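Chemist: Chains as they are written, first to last, in this note's numbering: chain A, 8 to 108; chain B, 2 to 298; chain C, 523 to 724. Could you have a look at this structure, given as structure tokens, before my questions?
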Amino acid sequence: MTLTSVLIVAAALIGIGFYGALSQQSFVMLMMGLELMLNGAILAIIGFWSFSLGGMPEGQLLAIIVMAVMAVEMAVGFALVVAVYRKRQADMTESLTTLKH
Amino acid sequence: MIPAAFSLLIALPPLMWAAAVFDRVGTGRGATFIGPLRNGAALMLRPNTPTEAPDALNRLLAPGWYLALALVGLSVVPLTEGVVATDLSTGLVLWGACEALTVVVVFLHGWSPNSPLPLIGAYRYVAIGLPAMLLSMFVLIAAALPAQSLSVVEVVEAQRSLWNVIRQPLGLPLFMGLGLAITLRGPFDYADGAELAGGTSAEESGPALALWRIARLAMLVAFSAMSATAFLGGYLGPGLSGPVWLLLKTVAVMAATVAAGRWFARMPPARMLSFIWVVLLPLSFANLALVGIEVLP
Amino acid sequence: MTDALFLVLSALAIWSGWRVFRVDSMVRASFQLMVSFIAVGLIAVLLAAPYIGIATIFMMAVEMMVMALFMVMFMMNPAGLNPMVMVHQHRFSVAAGITAFAGLVLAVLLSDLRAQPLPVDAQVVRALGHELLGPSMLIFETAGVTLLAAMIGAVVLSAHSGRYGGSDQGSRPPGLHPGGEPAGRKPDKHGGHQHHGHHGGH
């Protein structure tokens with residue numbers, strides 16, 4: 008369990024999350040991709056804190072901030088999903104075409 | 002760690018039987034002591050009800066996960082000085098994680114049979130169970146403040162001078178509300194209610210139902226042990242030895258919880274939701290603020 | 523022993539993260555994501571950050587539960603009874619994901635990572651508490667206000683008397699033709715009682 012192995016696992020999670028965020032058509036699945044990327048980010052933060060920072064408390068602080076950001080992103084994201092569904096009955100990204108050229 | 006785990010595993014079945022006896026006392030069903038054992042044995046021999054296109058893995062495993070969460074929650078309770086199965090510096094947060102995962106497990110139990118009544122039970126329960134769990138975390142933080150630590154062992158040690166139930170009178174009643182919620186009892190029994198023909202257990206019978214009910218009783222024992230530890234001083238007490246005091250306090254909280262489950266009526270889910278968010282959560286904030294003011298100097 | 527556990531947990535995290543986008547059932551996808559978070563939380567506990575690890579498990583269990591509820595509310599096929607693959611620009615996304623992973627691994631392998639491990643007897647939770655309420659108090663107050671703003675925004679966006687009309691008005695299903703009437707019986711305007719007087723006449 009070295010820093011390199013932890014960071015490789017985190018990079019894998021970020022890669023899978025990136026694939027999900029780009030490829031999914033439904034809003035909620037897209038948000039799940041974003042959550043996976045933040046998951047990888049938290050793992051990387053804790054890995055760095057444990058191996059390279061010598062236990063500086065700012066490392067754990069950053070992880071808590073990322074979790075709070077995740078909560079905020081999910082709350083506002085779901086509220087937007089609800090609002091978009093009510094206005095246009097759209098639950099897929101394909102249905103939102105108003106910004107298309 | 003190993004002796005504590007063994008003693009907990011040995012003490013659990015008699016306590017679960019005692020909880021089942023408390024459930025039967027006063028219901029007029031008779032056979033108070035032998036009844037639960039007879040029911041359990043009869044359930045073991047019955048077949049389970051198959052449903053159409055269920056989520057087979059979750060349907061099979063949900064009662065087992067409920068039991069596992071109850072055991073993990075019970076493992077953070079210290080039996081006596083220095084004897085605890087899980088010596089974690091954040092034992093209270095582990096208990097909170099068990100509560101949160103209980104809500105998930107009850108939802109899975111109701112969603113997996115692919116049937117309307119269990120799904121309705123699961124839905125209603127999630128809407129009520131999540132804020133109830135928030136309530137319990139604020140109350141437990143208030144209990145941890147005098148100890149200046151999140152470890153359950155420290156919380157007990159800080160009660161040597163005065164039990165938390167006297168220092169923070171609001172804490173134990175609010176925590177017992179959560180206990181009713183995670184054991185699906187009384188006013189919080191939205192998941193397995195009788196008006197939904199058994200709710201999340203509506204399509205279940207046989208050994209699976211027996212395991213679900215056993216897990217409910219185990220969760221009641223774990224919750225009672227946790228509240229006895231966080232509010233009633235755990236193994237502290239004059240005269241008798243530590244584990245005996247813990248046992249007596251656990252049984253007392255179990256009886257009080259079952260009685261509270263019978264005493265209060267169940268409100269419609271919307272009204273209960275308003276009640277939790279508008280009355281109970283502000284009360285828990287007030288409790289936390291009062292404890293903070295008392296601990297500050 | 524810790525290494526074996528770390529290997530198992532990371533394999534579980536990556537496998538369930540991948541399965542999130544492969545399963546047919548939406549509810550199962552959100553619970554696979556929860557399993558991935560639980561695995562990462564347990565790795566954090568192994569890395570001697572017990573509060574972060576268990577708080578991750580706690581918060582993510584609640585968030586994924588809410589996400590599963592949203593799945594059943596808004597998505598077609600929550601139970602996964604039909605096979606479903608709803609993807610667009612699939613090959614591009616796979617390439618982008620692999621490029622991101624490769625780039626990050628390259629950065630990790632080529633950079634000079636400092637080694638200053640955690641002291642064995644560090645009281646991490648106590649240090650975190652002191653840090654939260656001491657030097658970083660301003661950050662946390664700001665985060666609290668941000669959360670409050672997010673909560674108010676979410677409620678405003680999804681309230682019953684919505685900004686774009688009543689919250690019940692959008693819940694009509696899409697029409698049989700674009701912009702047309704939806705299929706199905708239309709509810710009676712007078713509550714159904716107008717039919718009660720017609721029993722005598724044939």
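Even for Gly, the Cβ is constructed at its ideal location relative to N, Cα and C. Just so we're clear, the structure is a prediction, and the values are computed from it rather than from any experiment.
Cα separation between C:V667 and A:A70?
Modeler: Each residue's alpha carbon lies about 18 Å from the other.
Chemist: Just checking: is the beta-carbon of A:L43 within a distance shorter than 9 Å of some beta-carbon in chain C?
Modeler: Yes, because at least one Cβ of chain C sits closer than 9 Å to the Cβ of A:L43.
Chemist: What residues of chain C sit near A:T11, judged by a beta carbon separation below 8 Å?
Modeler: Under the 8 Å cutoff, chain C gives V630, L631 and L635.
Chemist: Give me the Cβ distance between C:A618 and A:Y26, rounded to the nearest whole Å; I'm assuming they're in contact under 8 Å.
Modeler: Confirmed, about 7 Å.
Chemist: Since B:L80 is in the beta strand (DSSP E), which residue starts that stretch and which ends it?
Modeler: Its beta strand (DSSP E) spans residues P79 to T81.
Chemist: What residue range is occupied by the uninterrupted alpha helix (DSSP H) comprising B:L387?
Modeler: Lying before the first or after the last residue shown, residue 387 of chain B is absent from chain B, which here runs from 2 to 298.
Chemist: Could you tell me if C:N479 is buried or exposed, where buried requires 16 or more neighbouring beta carbons within 10 angstroms of its beta carbon?
Modeler: For residue 479 of chain C there is no data in the structure shown, the boundaries of chain C being 523 and 724.
Chemist: DSSP puts C:V647 in a beta bridge; with which residues?
Modeler: Paired residues: none, contrary to the question.
Chemist: At a cut of 8 Å, does the region 587 to 598 of chain C reach the region 541 to 558 of chain C through at least three beta carbon pairs?
Modeler: Yes, since at least three Cβ pairs between the region 587 to 598 of chain C and the region 541 to 558 of chain C fall closer than 8 Å, the two stretches touch.
Chemist: Would you verify that the beta carbon of B:S150 is, or is not, closer than 9 Å to some beta carbon of chain C?
Modeler: Closer than 9 Å: yes.
Chemist: For B:M273, which residues in the same chain have their Cβ closer than 7 Å to its Cβ, ignoring the five residues on either side in sequence?
Modeler: I129.
Chemist: Is B:V140 close to chain C? Criterion is C-beta to C-beta, closer than 9 Å.
Modeler: Output row for B:V140: interface = no.
Chemist: Under DSSP, the alpha helix (DSSP H) around C:F662 begins and ends at which residues?
Modeler: Unbroken alpha helix (DSSP H) run through C:F662: M659 to S680.
Chemist: Work out the CA separation of B:N40 and C:L669 for me, nearest whole Å.
Modeler: Each residue's Cα considered, the two are about 49 Å apart.
Chemist: Label B:S228 either buried or exposed according to how many other C-beta atoms from any shown protein chain fall within 10 Å of its C-beta, with 16 as the threshold for buried.
Modeler: Per the 10 Å Cβ criterion, buried.
Chemist: So, does the CB of A:T104 fall closer than 9 Å to a CB anywhere in chain C?
Modeler: So, not an interface residue.
Chemist: Taking the beta carbon of A:Q31 as the centre, do at least 16 other beta carbons fall within 10 Å, making it buried, or is it exposed?
Modeler: It is buried - the Cβ of A:Q31 has at least 16 other Cβ atoms within 10 Å.
Chemist: Determine, for C:P605, whether the minimum Cβ-Cβ distance to residues of chain E falls below 9 Å.
Modeler: Annotation note: the requested chain E is absent from the structure, which comprises protein chains A, B and C.
Chemist: Report the residue from B:I277, B:A223 and B:P55 whose alpha carbon sits nearest the alpha carbon of B:L16.
Modeler: Of the listed residues, the one whose Cα sits closest to B:L16 is B:A223.
Chemist: For B:T230 and B:N49, I'd like the C-alpha separation in whole angstroms.
Modeler: Distance between the alpha carbons of B:T230 and B:N49 is about 38 Å.
Chemist: Quick one: list the residues of chain C neighbouring B:V254, beta-carbon separation under 7 Å, in chain order.
Modeler: Going along chain C, no residue has its Cβ under 7 Å from B:V254, so there is no contact; the nearest lies around 23 Å.
Chemist: So if I threshold CB-CB distances at 7 Å, which residues from the region 568 to 587 of chain C count as touching chain B?
Modeler: Cβ contacts with chain B: P572, Y573, I576, A577, I579, F580, A583, V584 and M587.
Chemist: What residues from the region 91 to 109 of chain B come within 8 Å of chain C, judged by C-beta to C-beta, listed N to C?
Modeler: Listed by position, the residues of the region 91 to 109 of chain B near chain C (Cβ gap below 8 Å) are T91, V94, L95, G97, A98, A101, L102, V104, V105, F108 and L109.
Chemist: According to DSSP, is A:Q67 helix, strand or coil?
Modeler: In this structure, A:Q67 counts as helix in the three-state DSSP scheme.
Chemist: For A:V83, name the three-state secondary structure that DSSP assigns.
Modeler: A:V83 falls in the helix class under three-state DSSP.
Chemist: Determine the contact status of B:L175 and B:L284, defining contact as a CB-CB distance below 9 Å.
Modeler: Yes. Within cutoff.
Chemist: Thinking C-beta only, is C:T524 closer than 9 Å to A:M8?
Modeler: Going by C-beta atoms, A:M8 is nearer than 9 Å to C:T524.
Chemist: With a 10 Å radius around its C-beta and 16 neighbouring C-beta atoms as the bar for buried, classify B:T251 as buried or exposed.
Modeler: The residue is buried, with at least 16 neighbouring Cβ atoms inside 10 Å.
Chemist: Could you check whether C:S558 and C:V542 sit closer than 9 Å to each other, using their CB atoms as the reference points?
Modeler: Cβ atoms of C:V542 and C:S558: closer than 9 Å.
Chemist: Can you tell me where the alpha helix (DSSP H) with A:L103 in it begins and where it stops?
Modeler: From DSSP, A:L103 is part of no alpha helix (DSSP H); its letter is neither H nor E.
Chemist: Decide if the region 252 to 265 of chain B is in contact with the region 107 to 118 of chain B; the criterion is three or more beta carbon pairs, one per stretch, under 8 Å apart.
Modeler: Too few Cβ pairs lie closer than 8 Å, so no.
Chemist: Assign C:R613 to buried or exposed, taking buried as 16 or more other Cβ atoms, counted over all protein chains shown, within 10 Å of its Cβ.
Modeler: So C:R613 counts as exposed.
Chemist: Could you say if the region 60 to 77 of chain A and the region 640 to 658 of chain C meet the contact criterion of at least three C-beta pairs nearer than 8 Å?
Modeler: Yes, the region 60 to 77 of chain A touches the region 640 to 658 of chain C.
Chemist: Quick one, are the C-beta atoms of C:I565 and C:A583 less than 9 Å apart?
Modeler: Taking 9 Å as the Cβ cut-off, C:I565 and C:A583 do not qualify as a contacting pair.
Chemist: With respect to the alpha helix (DSSP H) encompassing C:D525, which residues constitute its N-terminal and C-terminal limits?
Modeler: Looking at the DSSP string, the run of the alpha helix (DSSP H) that includes C:D525 is T524 to V542.
Chemist: Under 7 Å Cβ to Cβ from B:A133, same chain only, skipping five residues before and after it: list those, please.
Modeler: Within the same chain, B:A133 has close Cβ partners G178, L179, A182, F189 and I277.
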